[in-house]
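Report on one structure; see the data block that follows.
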Amino acid sequence: MKRSSITFWVGAAVFLIAALAMTQIVHNQYPFFAGYIILQFIALAVAWSILGGYAGYVNFGTSAFYGVGVYGSVFLVKAFGAPLPLQILAGAAIGALMGLALGLLTLRMQGIFFSIATIALTIVIETTITNWRYVGGAAGIQIQRPEVTAPFDSYVQMLFFVQALLVVLAVAISRYIQHSWIGRGLQALRDDELAAECTGVPTLRLKLLACVISGALMCAVGAPAAMYLQYADPGSAFNLNYSVTTLAMSLIGGTAHWAGPIIGAILLGTTQQVLTVTISSEVNLLVLGLMLVLFVVGAPEGIVGLIYKLRGNRKEGEI
Amino acid sequence: MTLSETQTPLLRICALTKRFGGFTALHSVSVDIRPGERFGLIGPNGSGKTTLINCISGAFRTEPGTILFRDEDITPLQPHLRTRRGIARSFQIPRPFRSMTVAENLMVALDFAAHEHVSVTQRRDTMMSILEQMGLGSKANASATQLSQVELRKMELARAMATHPKLLISDEAMAGLSSSEVDEVLDLLLSLASRDITIIMIEHIMQAVIRFSERIMCLDAGRIIAIGTPSEVMADKRVQEAYLGT
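One line per chain: the protein sequences are F and W, in this order. The first sequence runs 1 to 319 under the working numbering. The second sequence runs 1001 to 1246 under the working numbering.
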């Protein structure tokens, strides 16, 4: 194993141990509520950047995948009383299939046409769920949490740790992709699709793969959200804010490196949580917009790009 | 236009037609390229040279017409599958992967088009040796955006070489270069040809085409107007009228 890989896995283990320790030491429930949201956005941003960052296909359908994850869980809980791990696994499977379908339908489109198609996807699915009575329809649905399992004191603490696990999973996958032939192929097709094809890169297949992985992760991240809120309604689950926020986090952090979306999500997610508590939740969007404008003008490659620039070192250069 | 019956062509283009809406860019073009041949493709601007190359490399779908490569019908294949079978190309306007270094540009080709699975170390060695041959050894870690025009052309050829081609199509690799740079690129192409790589060269610089080619084909308005040895084609009246302007 390379030294960088050892450092990564040690870091991931420390992170998970810290998250677990926090659930045992901290008794105030608020940090877990807020932390869950930040972790959720880290995982979403990392998942988004697999297609949106590495391949350069800007996906506005994050809320579609997230919402399907939420409603997949709602259906499984209502129909079979499915436990949380099964909800997440099912979410991943549905997300993968949805990613494949979206990819087959839209990946021949390029640029803005692909992005518009992903927005349309969100609207189509939201409308379908709104008209599906079994899962609550437009009014939404209440969900009862089961008993929490040891060693956790509350269900939210457990969800916090589960989301931390999902973050590690998403980051590990994204990191693997960046350093592997898949990442190099995606980067090539982002730079020039025809040149990539003529260099032997199976562009359509790689884009499909990125879409499937990204979709599976986004749905899996959305799956525990039903239990987190104990409630789901189409307006919130498919809220376009998820798409915009996730995209902003990835772009602000920088998409050239797997760490970019993490930095962006921590920065933006934490700011949003602090603002929600101190001022109002509406200010969130204003701050989001301002930061996005600031970065597009000042650092179009995001924070990671800025760091590379300052170091005078274009990239990590692992060949 | 066709070969003797004993020799199987490397590339056989049969009655290839390409239309863009109501405009026919190629009219039933048929030609055979022999293994190991140095083949020049000339013609005035808009005569269909690059369209023909795009059809061979798979960037354009053709209808009707067939393209056989080593006796296999590659007409339905996507570009990356053609590359893996041994058809590589450079572009008229260089299309490097701009976010990558020169070395990474080549690694894409070695990752995806290599015919057999080799270790990363072996791939890196191959990449470095190709860069050395192309005179780009010192530029391996430079960003593709930092290259000069001639270096970009060489990198495109190097990236094409990294796919282990049997047929290399060079689309105006010398356009916009100084005369010493033209000689440099020409020598590179000749040295590649000496290694059993069949090369189709599109070029407007006639001295280079004549020096390089064993056979030349001249296109005009999507039709073949002459094909033969350089001296035969240069002496052809229609070529002189349509292209050479004499």
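Just so it is clear, CB atoms sit at the ideal spot from N, CA and C, and this is done for glycine as well.
Taking a 10 Å sphere around the C-beta of Tyr176 (chain F), we find fewer than 16 other C-beta atoms and assign the residue as exposed. Look at Gly1058 (chain W): its C-beta is under 9 Å from a C-beta on chain F.
In the three-state reduction of the DSSP assignment, Ile1205 (chain W) falls in the coil class.
For the stretch 186-201 of chain F, the beta-carbon criterion of a distance under 8 Å to any beta-carbon of chain W is satisfied by Gln187, Ala188, Arg190, Asp191, Asp192, Leu194, Ala195, Ala196, Glu197, Cys198, Thr199, Gly200 and Val201. Collapsing the DSSP output to three states places Ala1025 (chain W) in a strand. The DSSP assignment places complete beta strand (DSSP E) segments of no fewer than 3 residues inside the stretch 1111-1179 of chain W at 1167-1171, in order along the chain.
The C-beta of Thr1198 (chain W) comes no closer than 9 Å to any C-beta of chain F. The CB of Trp258 (chain F) never comes closer than 9 Å to any CB in chain W; the least such distance is about 15 Å.
Residues Thr1083, Arg1084 and Thr1163 of the same chain have their beta carbon placed closer than 6 Å to that of Ala1113 (chain W), with the five preceding and five following residues left out of the count.
When secondary structure is reduced to three states using DSSP, Tyr231 (chain F) falls in the strand class. Listed along chain F is no residue with a C-beta nearer than 8 Å to that of Pro1230 (chain W); the closest approach is about 28 Å. By the Cβ rule, the stretch 151-165 of chain F counts as touching the stretch 27-40 of chain F, because three or more pairs are nearer than 8 Å. Put simply, the backbone Cα of Leu20 (chain F) is about 17 Å away from that of Pro85 (chain F). Positions of the alpha helix (DSSP H) runs, each at least 4 residues long and wholly inside the stretch 197-224 of chain F, are given as 203-222 in order along the chain.
Taking a beta-carbon distance threshold of 9 Å, Arg184 (chain F) counts as an interface residue toward chain W. When secondary structure is reduced to three states using DSSP, Thr1017 (chain W) falls in the strand class. For the alpha helix (DSSP H) assignment, the uninterrupted runs of no fewer than 4 residues enclosed by the stretch 26-71 of chain F are, from N- to C-terminal side, 30-49. Ranking W:Ala1173, W:Val1029 and W:Gly1022 by CA distance to the CA of Arg1012 (chain W) puts W:Val1029 first. A residue is called buried when at least 16 other Cβ atoms come within 10 angstroms of its Cβ; His1117 (chain W) does not meet this threshold and is exposed. Take Glu1156 (chain W), set aside five residues on each side of it, and the residues of its chain with a beta-carbon closer than 8 Å to its own are Ser1090, Phe1091, Pro1094, Arg1095, Pro1096 and Ala1173, in chain order.
Each residue's CA atom was taken as its position, placing Asp1183 (chain W) and Thr1198 (chain W) some 19 Å apart. In the DSSP annotation of this structure, Arg1034 (chain W) is not part of any alpha helix (DSSP H), being labelled neither H nor E. Within chain W, not a single residue places a beta-carbon under 9 Å from that of Trp48 (chain F); the smallest gap is close to 19 Å. Taking 9 Å as the threshold, the shortest C-beta distance from Pro1079 (chain W) to chain F falls below it.
Here DSSP, grouped into helix, strand and coil, assigns Thr1198 (chain W) to strand.
With distances taken between CA atoms, Leu165 (chain F) lies nearest to F:Gly11 out of F:Val70, F:Leu251, F:Lys2 and F:Gly11. For Pro1076 (chain W), the closest Cβ of chain F is not nearer than 9 Å. In the DSSP annotation of this structure, the continuous segment of the alpha helix (DSSP H) that includes Ala101 (chain F) starts and ends at Leu84 to Thr106. No Cβ of chain F is located within less than 9 Å of the beta carbon of Pro1035 (chain W). Using a CB distance below 8 Å, the part of the stretch 169-181 of chain F facing chain W consists of Trp181, ordered along the chain.
Proximity to Leu1026 (chain W) across W:Glu1037, W:Gly1036, W:Ile1053 and W:Gly1040 peaks at W:Ile1053, based on C-alpha coordinates.
Distance from Glu126 (chain F) to Pro234 (chain F) at the Cβ level is roughly 5 Å; contact confirmed, criterion being Cβ atoms closer than 8 Å. Less than 9 Å separates the beta-carbon of Tyr66 (chain F) from that of Tyr242 (chain F).
Judged by DSSP in its simplified three-state form, Asp1073 (chain W) adopts strand. Taking the C-beta atoms as reference points, Leu1219 (chain W) is found no nearer than 9 Å to Met1234 (chain W). Between Ala232 (chain F) and the set F:Thr130, F:Leu97, F:Thr62 and F:Thr118, the nearest pair of CA atoms involves F:Thr130.
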